[in-house]
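Asker: Sharing a structure below in structure tokens format, with a few things to ask.
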Amino acid sequence: MKEPIRKLDRSTDSGTPKPMRLVVAGLILRHADSAESGTGTTEVLICQRKPDQPMSLKWEFPGGKIEPGETAEEALARELDEELGISATIGRRIAQIRHKYRNGGAIDLQFFVVDQFGGALENRIFNDMRWSPLTALPEYDFLAADLGLIRDLSEGRLL
Ligand SMILES: Nc1nc2c([nH]c(=O)n2[C@@H]2O[C@H](COP(=O)(O)OP(=O)(O)OP(=O)(O)O)[C@@H](O)[C@H]2O)c(=O)[nH]1
1 MKEPIRKLDR
11 STDSGTPKPM
21 RLVVAGLILR
31 HADSAESGTG
41 TTEVLICQRK
51 PDQPMSLKWE
61 FPGGKIEPGE
71 TAEEALAREL
81 DEELGISATI
91 GRRIAQIRHK
101 YRNGGAIDLQ
111 FFVVDQFGGA
121 LENRIFNDMR
131 WSPLTALPEY
141 DFLAADLGLI
151 RDLSEGRLL
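Numbers 1 to 159, taken from full-length UniProt numbering, label the letters of the sequence shown in order.
Laid out in structure tokens, this is it:
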């Protein structure tokens with residue numbers, strides 16, 4: 001008997017590349033003064049993904065996908081409003097990273113500095129969020145695409 005012709009399942013067909021996702025994320029900074037050293041410490045807001053999300057419990061910077069018709073800055077301001085309830089002033093872009101996740105999904109990530117925002121920070125979607133000194137960032141389990149940036153930030157190379 002002849003085998004029936006089966007349709008290729010696009011989601012498992014490794015020959016069909018998924019479209020590149022364009023993602024923006026914010027490095028929301030604050031400067032904390034240390035009484036002992038007399039010098040300031042720069043801290044950045046980091047967020048932890050929920051247990052039921054893909055790549056659960058990994059840490060990341062707040063942000064998300066750019067929607068059609070938006071600039072990167074507009075997308076980031078919208079995401080920060082949706083996720084944290086703040087009205088952010090988007091500053092300079094400090095990094096752009098392209099990364100391929102093992103499931104075949106590729107992302108283009110742009111990171112912007114945010115050192116001014118209006119409103120009170122509110123955790124609307126994350127499992128946890130906290131301020132981390134830049135030097136302590138490697139202690140957190142970040143998404144794979146962020147690891148080069150984490151190293152640069154913690155070693156004082158970008159800020
Ligand atoms: N916001 C943010 N996303 C990041 C970072 N690093 C990184 O790889 N990403 C990836 O970029 C995508 C962000 O999109 P999103 O926030 O709209 O998406 P999501 O997790 O709901 O995923 P989905 O809508 O694809 O299921 C995710 O796939 C996320 O894993 C980061 O530091 N911040």
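Just so it is clear, CB atoms sit at the ideal spot from N, CA and C, and this is done for glycine as well. Model, not experiment: these values are computed from the prediction.
Give the secondary structure of residue 156 by DSSP, where H, G and I count as helix, E and B as strand, and everything else as coil.
Answerer: Translated into the one-based positions of the sequence shown, residue 156 becomes position 156. The answer is coil: DSSP assigns residue 156 none of H, G, I, E or B.
Asker: State the beta-bridge partners of residue 56 as determined by DSSP.
Answerer: As a working mapping, residue 56 is identified with position 56 in the sequence shown. Per DSSP, none; premise fails for residue 56.
Asker: If you drop the 5 nearest sequence neighbours on each side, which residues of the same chain put their C-beta closer than 6 Å to that of residue 28?
Answerer: For the purposes of this step, residue 28 is identified with residue 28 of the sequence shown, where counting begins at 1. So the list reads 45 and 114, once near-sequence residues are dropped.
Asker: Tell me, please, whether the stretch 86-100 touches the stretch 40-59 by the rule of three or more beta-carbon pairs shorter than 8 Å.
Answerer: No, the stretch 86-100 does not touch the stretch 40-59.
Asker: On a CA-only basis, which of 99, 139, 21 and 127 is nearest residue 51? Give me that one, please.
Answerer: For this step, residue 51 is matched to residue 51 along the sequence shown. Looking at the Cα atoms, 127 is the closest of the given residues.
Asker: From residue 93 to residue 110, what does the alpha carbon distance come to, in whole angstroms?
Answerer: Here residue 93 refers to the residue found at position 93 of the sequence shown. Here residue 110 refers to the residue found at position 110 of the sequence shown. Whole-angstrom Cα-Cα distance: 7 Å.
Asker: How many Å lie between residue 75 and residue 82 at the Cα?
Answerer: As a working mapping, residue 75 is identified with position 75 in the sequence shown. As a working mapping, residue 82 is identified with position 82 in the sequence shown. In a straight line, the C-alpha of residue 75 is about 11 Å away from that of residue 82.
Asker: Which term fits residue 56, buried or exposed, when burial requires 16 or more other beta carbons within 10 angstroms of its beta carbon?
Answerer: Residue 56 sits at position 56 when you count from the first residue of the sequence shown. Residue 56 is exposed by the Cβ-count criterion.
Asker: Whole angstroms is fine: what's the gap from residue 30's alpha carbon to residue 120's?
Answerer: Within the sequence shown, residue 30 is the residue found at index 30, counting from 1. Within the sequence shown, residue 120 is the residue found at index 120, counting from 1. One C-alpha to the other measures close to 14 Å.
Asker: Entirely within the UniProt domain "Nudix hydrolase" (19-155) and at least 3 residues each: give me those beta strand (DSSP E) ranges in chain order.
Answerer: Segments of the beta strand (DSSP E) lying fully in the UniProt domain "Nudix hydrolase" (19-155): 21-33, 40-48, 63-65, 87-89, 93-100, 106-114, 116-118 and 128-133.
Asker: Using only the alpha-carbon positions, how far apart do residue 122 and residue 63 sit?
Answerer: As a working note, residue 122 is residue 122 in the sequence shown. As a working note, residue 63 is residue 63 in the sequence shown. Near 14 Å, if we compare the C-alpha coordinates of residue 63 and residue 122.
Asker: Going by C-alpha to C-alpha distance, which of 143, 157 and 158 sits closest to residue 61?
Answerer: For the purposes of this step, residue 61 is identified with residue 61 of the sequence shown, where counting begins at 1. Nearest of 143, 157 and 158 to residue 61, Cα basis: 143.
Asker: Looking at C-alpha atoms only, which residue of 67, 95, 68 and 32 is the closest neighbour of residue 149?
Answerer: Sequence index remark: in the sequence shown, residue 149 carries index 149 (1-based). Answer by Cα proximity: 95.
Asker: Count the other CB atoms within 10 Å of the CB of residue 137; is the residue buried (16 or more) or exposed (fewer)?
Answerer: Within the sequence shown, numbered from 1, the residue matching residue 137 stands at position 137. Per the 10 Å Cβ criterion, buried.
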